[in-house]
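Quick note, the sequence shown lines up with residues 1 to 314 if you use this note's numbering.
Ideal placement from N, C-alpha and C gives every residue a C-beta, glycine not left out.
Since the structure is predicted, the reported quantities are computational estimates derived from the model, not experimental observations.
Heads up: the structure comes next, in C-alpha cells.
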Amino acid sequence: MPVVLFSGNPEKRSLYAPELTRAADEEGLSATIHMDPSDVAPEAVDYLIFDGDGPVKDFAPYTKLKAILNLWAGVEAVMRCDPPENLPVVRMVEAGLSEGMRDYVVGHVLRHHLDIDRYIGAEPIAEWELTFPPLARDRTVGVLGLGVLGADCAAHLARHGFETLGWSRSAKRVEGVRCLSGAEGLDQIIAESEILALLLPHTPETRRVLNAERIAKMPDGACLVNAGRGALIDHDALLAALDAGKIRHATMDVFDVEPLPPDHPYWAYPRVTVTPHIASVTRPATASDSIMRQIARGEAGKSFENTVDRTLGY
Ligand code: NAP
Numbered sequence: 001m002p003v004v005l006f007s008g009n010p011e012k013r014s015l016y017a018p019e020l021t022r023a024a025d026e027e028g029l030s031a032t033i034h035m036d037p038s039d040v041a042p043e044a045v046d047y048l049i050f051d052g053d054g055p056v057k058d059f060a061p062y063t064k065l066k067a068i069l070n071l072w073a074g075v076e077a078v079m080r081c082d083p084p085e086n087l088p089v090v091r092m093v094e095a096g097l098s099e100g101m102r103d104y105v106v107g108h109v110l111r112h113h114l115d116i117d118r119y120i121g122a123e124p125i126a127e128w129e130l131t132f133p134p135l136a137r138d139r140t141v142g143v144l145g146l147g148v149l150g151a152d153c154a155a156h157l158a159r160h161g162f163e164t165l166g167w168s169r170s171a172k173r174v175e176g177v178r179c180l181s182g183a184e185g186l187d188q189i190i191a192e193s194e195i196l197a198l199l200l201p202h203t204p205e206t207r208r209v210l211n212a213e214r215i216a217k218m219p220d221g222a223c224l225v226n227a228g229r230g231a232l233i234d235h236d237a238l239l240a241a242l243d244a245g246k247i248r249h250a251t252m253d254v255f256d257v258e259p260l261p262p263d264h265p266y267w268a269y270p271r272v273t274v275t276p277h278i279a280s281v282t283r284p285a286t287a288s289d290s291i292m293r294q295i296a297r298g299e300a301g302k303s304f305e306n307t308v309d310r311t312l313g314y
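Given below as C-alpha cells:
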C-alpha cells in the first residue's frame, strides 16, 4: 500500500484531503494519505505531493520516494529544492489548468482583437461611429510555447478563426497552427504577431526572450498576453515600447516579483492590465485525479507521464 504525503500549504489541506481520497478510490488504489509531514516518518513516504508554498523543502530525509508530484505547472520552486537526480519529478497536467488557461488567453486575445477597451474602458469613446470590426481571420496571433497549455490555446485560437502561429523548441504539429521553431521561427513569429501570448517556462534560454530588440521588430500597435512567467519579458523595454505606442496593450499575469510591489509602474499604467497570477490555477478535484493516475502508473510499474527533463529545466 503506497504511502502518500501531501506537503501542501496548510490552507489547501482541507480542500485536497477528500479529493485525494476520492481520486485514489476511483483509481482502485488503496493508499495511505497523510496531509501533514509531522504525521509520518519521512523514510516511509513513497510519493510526495509538492507545493511551492508547502512545508517540505528538503527531500534528503525522504529516502524511499518513488516520485515527487508537483502541484504547480511551473517547476521552478520544486527544482530549487534540488530533488535527487534520478527521482522522477512529475509536472502538474490536469484538465482544469488547461481549460482555465484557454479561457484566460482566448478571452484577452479577443479583448485586444476587438479593442473592447475602446468601448468599456475608463474613458469610453461615446461616439456613434461606423467601423468595420476586424475579423479573426484577418488577425495574426502568435503563441510562444506549444506545450500542454500553449498548444491547447493555439489550437483554440486557430479554431476561432485567427491566423495562428506557434513557436517551440522542437518542431511541433498543432491542427490549424503554423508551427515554428528555432531562431528563424522566433524572428518570424515576432515579426508577424499582432497579438502575442507567452506560454513558455522560465529557463536560462527563455529568460528575457522578449527583449527590446525583439519588441522593436513586432508589428506597430501589437498587444501582449503574458501568462508564462515574468522573466520572459524585459520590463523596462516593454514600458518604453508602451510609452512609444509600439505596444498598444499588455495583459500581464506573471511578474519578476510576486505579489507585484504596490509602487510598480504597471499598476498605474492605463494600457497594462495586471492580474494576480490567476490565469489558471490547479484545482483540487482535477489535480487529485491527475496525481492518483500517476501514482497508479507508478504502482503498476509504468513510467510516469509529464516528468521534468532535468537538462532542459522544464
Ligand atoms: P510545457 O508543457 O512544459 O511546455 C513548454 C513549451 O515551451 C514547450 O512547447 C517547449 O518546447 C517550449 N519551450 C521551452 N523552452 C523553449 C525554448 N528555449 N525555446 C523555444 N521553446 C521553448 O509547459 P505548459 O504546461 O504548457 O506551461 C507553460 C508555462 O506556463 C509553465 O512553465 C508556467 O510557467 C506557466 N503557467 C502559468 C500559469 C498562470 O496561472 N499564469 C499557470 C500554469 C502554467 P518543446 O515543446 O519543444 O519542449
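Here the alpha carbon of L15 sits roughly 7 Å from the alpha carbon of P284. Per DSSP, reduced to three states, the secondary structure at C81 is coil, with no helix or strand assignment. For A44, the three-state secondary structure derived from DSSP is helix. In this structure, V90 keeps its C-beta atom at 8 Å or more from the C-beta atom of P83. Set against 7 Å, the gap from the CB of V272 to the closest heavy atom of ligand 1 is not smaller. Spatial neighbours of H156 in its own chain (CB-CB distance under 7 Å, excluding positions within 5 residues in sequence) are listed in chain order as R102, V106. The DSSP assignment places 148 to 160, 182 to 192 as complete runs of the alpha helix (DSSP H) inside the segment 141 to 215, in order along the chain (cut-off: 4 residues). Under the three-state reduction of DSSP, S7 is assigned to strand. A distance of 8 Å or more separates the beta carbons of D243 and N211. Taking 7 Å as the cut-off, the C-beta of P265 does not count as close to any heavy atom of ligand 1. Residue pairing of T307 in beta bridges, as defined by DSSP: V90. Distance from the C-beta of T206 to the nearest heavy atom of ligand 1 is below 7 Å. Annotation for P201 indicates a beta carbon within 7 Å of some heavy atom of ligand 1. Taking the C-beta atoms as reference points, L20 is found nearer than 8 Å to S288. Of all C-beta pairs linking the segment 63 to 79 to the segment 34 to 52, three or more are shorter than 8 Å, placing the two stretches in contact. C-alpha of T307 to C-alpha of S290: approximately 13 Å in a straight line.
The three-state secondary structure of R118, taken from DSSP, is helix.
Membership of L239 in the alpha helix (DSSP H) is indicated by the continuous run 235 to 243. Setting aside the 5 residues that flank it on each side, A151 is surrounded in the same chain by V174, each with a C-beta closer than 6 Å to its C-beta; the list follows chain order. Under the Cβ criterion (8 Å, minimum of three pairs), the segment 183 to 203 counts as touching the segment 135 to 142.
In the structure shown, the three-state DSSP call for I295 is helix. Counting other Cβ atoms within 10 Å of its Cβ, K64 stays below 16 and is therefore classed as exposed. Bridge partners of T251 according to DSSP: V225, T273. Remark: the C-beta of W167 is in contact range of ligand 1, defined as less than 7 Å to any heavy atom. Pairing L238 with I215 gives a Cβ-Cβ distance under 8 Å.
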